[in-house]
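One structure is given below, encoded as C-alpha cells.
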Amino acid sequence: RPRAQAGALAEALQELGATVETVPLVAIEPIAGGAELDEALQKLDRYDWVVFTSVNGVAAAREYAEGLSTAKVAAVGPATASALRALGTDPSYVPEQFAAAQIAPGLEPLAGSRVLLLQADIAEPALADELERRGASVDAAAAYRTIEIEPSAPELATMRSVDAVILASGSAARSLARQGGAGDALVVCIGPGTAEIARELGLPVGLTAHEATADGIIQALTSHFGGRE
439 RPRAQAGALA EALQELGATV ETVPLVAIEP IAGGAELDEA LQKLDRYDWV VFTSVNGVAA
499 AREYAEGLST AKVAAVGPAT ASALRALGTD PSYVPEQFAA AQIAPGLEPL AGSRVLLLQA
559 DIAEPALADE LERRGASVDA AAAYRTIEIE PSAPELATMR SVDAVILASG SAARSLARQG
619 GAGDALVVCI GPGTAEIARE LGLPVGLTAH EATADGIIQA LTSHFGGRE
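Each residue of the sequence shown is one higher than the one before, starting from 439 at the first, in the working numbering.
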C-alpha cells in the first residue's frame, strides 16, 4: 500500500517481533481536474446510496463532508468507516469484505435506486455490475488515481529475501506481478478480492486475511508463523 498508509500495520508487526521493510508498490494521487467527482458530490441528495470503497475515496470527498452527513452511506471495511466517522458521517452499512456479492445485498432494495460509487480510476467493474444487475442506476466516479511504483533494485532484492510480502490491494498485486513477483516469499493478501487478482496474475498466494483489515493480516501471519522460534 502507499507508504503513508503502511505505518500502523508495520508498527504492529514490529511490536510482535517481526522485522518489517516497507516497499510501496503504488501511490495515490488526486484526479486532475476532478470535474466528474465534484459534480457528483455537489448533488448527493439525488442518490439513495453513496458507497465508499476505501479511505482514499473518503479523503477525496472531505470538502463535501457536510453533505455526506445527511446521505445514506456505505463504507467498505472498518478503516473506511472510521475515516467517515472522523468527518462526522456514521455509515449506515459496513460490509467487512470487498466482494460484490457481499456488498450488494446490504444495499437492498436496489431496484429503481440510484447509487454513487466512489472508487479508484482503475477499479474493477464487478461491484457496479452487480448493483446494476440488481436494478440500481450506478454512477461510478473516479475519486483518486492509483499509480504503480517501480521499486529500486535494492527494494526488489529486499522483497525477494523476506519471509512474507503483504499485498493490500489488487493494484499492488498488479505492480508486484510486473516486477516479476516476490521470489520465494509467502504472498499474503488482505482479502479474497486481492487474492483473486493476485492468482489471476500468476502470483502464488499463500495466505488470505479473513477480515480485510490490518488486524486480519496480523491474525493470518501470527497463525502461520506463530510457532517459529
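For every residue, glycine included, the Cβ atom is placed at its ideal position computed from N, Cα and C.
Check                                                                                                            : Outcome
Inter-residue spacing [alpha-carbon to alpha-carbon] between Pro468 and Pro563                                   : 20 Å
Local conformation of Thr596 per DSSP, three classes                                                             : helix
Validate contact between the segment 596-615 and the segment 636-647 using beta carbons, cut 8 Å, 3 pairs        : yes
Runs of alpha helix (DSSP H) lying entirely within the segment 474-525, each at least 4 residues, in chain order : 493-498, 503-506, 516-524
The segment 474-483 touching the segment 446-460, judged by at least three CB pairs closer than 8 Å              : no
For Asp577, three-class secondary structure by DSSP                                                              : strand
Validate contact between the segment 543-560 and the segment 486-495 using beta carbons, cut 8 Å, 3 pairs        : yes
Cross-strand partners of Glu467 (DSSP beta bridge)                                                               : Arg583
Whole-Å CB distance - Val464 paired with Glu586, under 8 Å assumed                                               : 6 Å
CA-to-CA distance, Leu451 to Val496, given in whole angstroms                                                    : 26 Å
The segment 500-517 / the segment 570-586 touching (three or more Cβ pairs under 8 Å)                            : no
Where Glu568 falls, given that 16 or more other Cβ within 10 Å makes a residue buried                            : buried
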